[in-house]
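**Student:** So that we are looking at the same thing, I have put the structure below in C-alpha cells.
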Ligand SMILES: [Zn+2]
Ligand SMILES: [Zn+2]
C-alpha cells in the first residue's frame, strides 16, 4: 500500500510472522520472516524478542552475504535485549558449524527510549524509540525526516543577502524533524495514549490483534491491543490525530478477512474510517 512518504509492504499476523517493509525509508520493522524483497533494506528494527517478530534476523544477514551485498545492514533493537540477541546469534552460528575464528557479530545497535539517532545509511532519517507494554520487554518507534530550514526571519532575503549572512557566521537555518512513520510493535492498547506523539506522524502502524467483544479480557491477558481501545484512543485524541493513514496490523489468525473488515467498520469512529487501512 502507498502512503505520502513510503510504500508499506510485508506481512503481519499474530503468532505467524511480522515483517513490515518501508522501502523508501530503507527500513524494515521486525523480521519474523525474511523474503528476498527485504534483503535490500539496510536498517532493521526489532520491536521485541518474540519469535514471530525476530526469528529471521540472521537469515536477513546471511542472505545478504550470500547475494554479495557488501554494505553492513544495521540491526536496531531495545538495549535490554541486545545481550540475549548476541548469545542467540552466536549459538545459532555454532550450531551451524561456523568455526570460532570465522564468526563475526552483525552490527547491532541498542536503542533507549527518547534517544534520537540518525540511521546509519540514511542521515536524513532519525529514529526515536519508546517503551510500550507487552508480555515481554518491547518498544515502538518513530522515524523522523530531518532537514535544515531557513529561519522565518530570513525567508524574504535575496540569495546574495543569504550568502552574506552565512559568510558573516550568522546561523540562518533551524533544524526540523518531521515525523513520518510511527510503529507500535506488539503492545497493550493503553500504550497508544501513553505515547500520544505517535498521532503526529503521517503514518501510524499499530497492532490490532483482537476484535471480538468477548476477546477483550484475553487481549489484556496476552499483552495485546483490542480494537475498542484504538477506537477509544482516536475518540480521545480527536482533532489532535494528524495521521494521514492508520494501518492496523497483527490480527489474530482466527478472524477472517470479512470479519476484520466488518469489525473495523463497526468499531472505528466514522470520522477516522477513511484513514484506516487493514494490513491483511
Ligand atoms: Zn506478535
Ligand atoms: Zn509479541
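Residue numbers (this note's numbering): 390 to 669.
C-beta atoms are modelled at their ideal positions from N, C-alpha and C, and glycine is treated no differently.
Which of the three DSSP states, helix, strand or coil, is assigned to residue 435?
**Tutor:** Residue 435: coil per DSSP, three-state reduction.
**Student:** Measuring only the C-alpha atoms, how far is residue 452 from residue 478?
**Tutor:** In a straight line, the C-alpha of residue 452 is about 15 Å away from that of residue 478.
**Student:** State the beta-bridge partners of residue 584 as determined by DSSP.
**Tutor:** Answer by DSSP bridge pairing: none, since residue 584 is not bridged.
**Student:** By how many angstroms is the C-alpha of residue 403 removed from the C-alpha of residue 482?
**Tutor:** Whole-angstrom Cα-Cα distance: 28 Å.
**Student:** With distances taken Cα to Cα, identify the nearest neighbour of residue 392 among 593, 516, 609 and 450.
**Tutor:** Checked all of 593, 516, 609 and 450; the closest Cα to residue 392 is 593.
**Student:** How should residue 660 be labelled, buried or exposed, when 16 other C-beta atoms within 10 angstroms of its C-beta is the threshold for buried?
**Tutor:** Exposed: under 16 other Cβ atoms inside 10 Å.
**Student:** Assuming residue 665 contacts residue 640 (C-beta within less than 8 Å), just tell me the rounded distance between them.
**Tutor:** Not confirmed; about 13 Å, so no contact.
**Student:** Tell me the DSSP secondary structure of residue 568 in three-state form.
**Tutor:** In this structure, residue 568 counts as strand in the three-state DSSP scheme.
**Student:** Just the C-alpha distance for residue 417 and residue 509, rounded to the nearest angstrom, thanks.
**Tutor:** Whole-angstrom Cα-Cα distance: 14 Å.
**Student:** In angstroms with no decimal places, state the Cα-to-Cα distance between residue 604 and residue 614.
**Tutor:** Their Cα atoms are separated by approximately 10 Å.
**Student:** What does residue 401 pair with, by DSSP beta-bridge criteria?
**Tutor:** Answer by DSSP bridge pairing, in chain order: 407.
**Student:** Have a look at residue 595 and residue 557 and give me their C-alpha separation to the nearest angstrom.
**Tutor:** Looking at the two C-alpha atoms, the distance is approximately 48 Å.
**Student:** For residue 494, which residues from the same chain have a beta carbon less than 8 Å from its beta carbon, with the 5 sequence-adjacent residues on both sides left out?
**Tutor:** Once the five neighbours on either side are set aside, the close Cβ partners of residue 494 are 475, 478 and 479.
**Student:** By the DSSP assignment, the beta strand (DSSP E) with residue 356 in it spans what residues?
**Tutor:** Because residue 356 is not part of the residues shown, which for the chain are 390 to 669, the question remains open.
**Student:** Closest by CA to residue 492, which one among 429, 484 and 498?
**Tutor:** When each option's Cα is compared against that of residue 492, the closest is 484.
**Student:** According to the neighbour-count rule (16 or more other Cβ atoms, all chains shown, within 10 Å of its Cβ), is residue 581 buried or exposed?
**Tutor:** Result: buried.
**Student:** Can you tell me which residues form a DSSP beta bridge with residue 396?
**Tutor:** In DSSP, residue 396 forms a bridge with 391.
**Student:** If you draw a straight line from the C-alpha of residue 521 to the C-alpha of residue 544, how long is it?
**Tutor:** Cα to Cα, the separation comes out at about 41 Å.
**Student:** Using a Cβ-Cβ cut-off of 8 Å (strictly less than) and excluding sequence neighbours within five positions of residue 654, which residues of its own chain qualify?
**Tutor:** Taken in chain order, the residues that qualify are 662.
**Student:** Going by beta-carbon coordinates alone, are residue 533 and residue 554 separated by less than 8 Å?
**Tutor:** Not in contact: residue 533 and residue 554 (Cβ atoms no closer than 8 Å).
**Student:** Touch check for the segment 498-506 and the segment 417-429: three-plus C-beta pairs under 8 Å?
**Tutor:** No: the two stretches stay apart, fewer than three of their Cβ pairs being nearer than 8 Å.
**Student:** Reducing DSSP to helix, strand and coil, say where residue 593 ends up.
**Tutor:** Residue 593: strand per DSSP, three-state reduction.
**Student:** Is residue 575 near ligand 1, judged by its Cβ being under 7 Å from some heavy atom?
**Tutor:** Under cutoff, so the answer is yes.
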